[in-house]
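>
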Amino acid sequence: MQLRLQKPYGREQIAALIIYCCIALTLFSVIGVRALEVQAINIEAVDRALYTVITQKGPVNVESNDVLRIERTYTKAAVTGAPVEIDKIYTTKGFIYSSSTDYYYENTRQLINSVDFDGLAMWERENTTWQSVQPYAYAIGTPKSLIPWLFFLLSIQYYMLSIGGLALIILTFPLPWKELKEENRDKRLSKQPQEQDFSSEEQLSSAAK
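full-length UniProt numbering applies: residue 1 is where the sequence shown begins, and numbers increase by one.
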């Protein structure tokens, strides 16, 4: 009984396998993040500096002093083409995602204007950096027990995209040392017939003598 030697996996096969695994894990993490996502249903103005955000998990009180960062982006509605403003408000209790098409947007605008008086595209509280805001990069109303799982899934997305991109680069562009190895192999193979010819000629000459 003869044993068949399995051919070792090449660079292309390993890179393709890594890419498939990264895509699968990325899709898994995206589905997990969407499952843990909490949406804001309404924003109610309680006082001049106090607002209540009604979420799927219950109400959350937010004060103007809780606002750390505001990001404004502009787009157009798909059907009408009307301009739409999208606001992402980072607070110490999570971020609030709202657009000008929401029926409660007037209260969102009041909350924004209570801290940002100039209407900046990106507003940050004094002595606030993106690193200090990152621990609050989850939807407001998310239960505390689910926040570690949410950040875990987001980190999976980041690492899988990085590893998958690196594997794609390796799959697309050939490795320089592999090219040198193949060139050396081709040179050795091209020299073998010449050496055989020389040996055969020497044998014939010696036989003739």
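Quick reminder that beta carbons are idealized off the backbone N, C-alpha and C, glycines included.
1) If I measure Cβ to Cβ from Ile23 and keep anything under 6 Å in the same chain, skipping five residues before and after, which residues do I get?
2) In the DSSP assignment, find the beta strand (DSSP E) that holds residue 211 and state where it starts and stops.
3) Helix, strand or coil, according to DSSP, for Pro83 in the structure here?
4) Give me the residue from Leu25, Gly119 and Trp123 with the minimum Cα distance to Tyr90.
5) Among the residues of its own chain, which have a CB less than 6 Å from the CB of Leu36, if the five just before and after it don't count?
6) Alpha carbon to alpha carbon, how far is Arg125 from Leu68?
7) Can you say whether Tyr20 is buried or exposed, counting buried as having 16 or more other CB atoms within 10 angstroms of its CB?
8) Any idea what DSSP makes of Glu12, helix, strand or coil?
9) Could you work out which residue in Lys88, Leu17 and Ala167 is closest to Ile140 when comparing CA atoms only?
10) Which residue comes first and which comes last in the beta strand (DSSP E) that contains Gly58?
11) Alpha carbon to alpha carbon, how far is Gln13 from Phe198? Give it in angstroms, no decimals.
12) If we call anything under 7 Å between Cβ atoms a contact, is Gly94 one with Tyr136?
13) Please state whether the Cβ-Cβ distance between Thr108 and Val38 is less than 7 Å.
14) Below 7 Å CB to CB, which residues in the same chain sit around Val46 once its five sequence neighbours on both sides are set aside?
15) Could you tell me which whole beta strand (DSSP E) segments of length 3 or greater appear in the stretch 98-167?
16) In the structure shown, what three-state DSSP assignment does Val30 receive?
17) Look at the Cβ atom of Thr101, then the Cβ atom of Ile86, and state whether they are nearer than 7 Å.
18) For Met1, collect the residues of the same chain with a Cβ closer than 7 Å to its Cβ; drop the 5 residues on either side in sequence, then sort them by chain order.
The structure says:
1) If you number the sequence shown from 1, residue 23 lands on position 23. Result list for Ile23: empty, nothing under 6 Å.
2) Because residue 211 is not part of the residues shown, which for the chain are 1 to 209, the question remains open.
3) For the purposes of this step, residue 83 is taken as the residue at position 83 of the sequence shown. Pro83: strand per DSSP, three-state reduction.
4) Counting from 1 along the sequence shown, the entry for residue 90 is found at position 90. Comparing Cα positions, the closest option is Trp123.
5) The count along the sequence shown starts at 1 and reaches residue 36 at position 36. Leu146 and Leu150, listed in sequence order.
6) Here residue 125 refers to the residue found at position 125 of the sequence shown. Here residue 68 refers to the residue found at position 68 of the sequence shown. Whole-angstrom Cα-Cα distance: 5 Å.
7) Stepping through the sequence shown from its first residue, residue 20 is reached at position 20. Exposed, since its Cβ has fewer than 16 Cβ neighbours within 10 Å.
8) For this step, residue 12 is matched to residue 12 along the sequence shown. Helix, per DSSP.
9) Residue numbering aside, residue 140 sits at position 140 when the sequence shown is read from its first letter. Comparing Cα-Cα distances from Ile140 to each of Lys88, Leu17 and Ala167, the minimum goes to Lys88.
10) To locate residue 58, count along the sequence shown from 1; it is residue 58. First-last of the beta strand (DSSP E) with Gly58: Gly58 to Glu63.
11) Along the sequence shown, one-based indexing puts residue 198 at 198. Along the sequence shown, one-based indexing puts residue 13 at 13. Low confidence applies here, because Phe198 scores a pLDDT of 48, under 50, leaving its location unreliable; read the following figure in that light. One C-alpha to the other measures close to 41 Å.
12) Along the sequence shown, one-based indexing puts residue 94 at 94. Along the sequence shown, one-based indexing puts residue 136 at 136. Yes.
13) Within the sequence shown, the letter at position 108 stands for residue 108. Within the sequence shown, the letter at position 38 stands for residue 38. Taking 7 Å as the cut-off, the Cβ atoms of Thr108 and Val38 do not count as close.
14) Along the sequence shown, one-based indexing puts residue 46 at 46. Thr52.
15) 122-124
16) As a working mapping, residue 30 is identified with position 30 in the sequence shown. Helix.
17) Position 101 of the sequence shown, counted from the first residue, corresponds to residue 101. Position 86 of the sequence shown, counted from the first residue, corresponds to residue 86. No, the Cβ-Cβ distance between Thr101 and Ile86 is not below 7 Å.
18) Counting from 1 along the sequence shown, the entry for residue 1 is found at position 1. No answer about Met1 holds up, because its pLDDT of 46 lies below 50 and its placement is not dependable.
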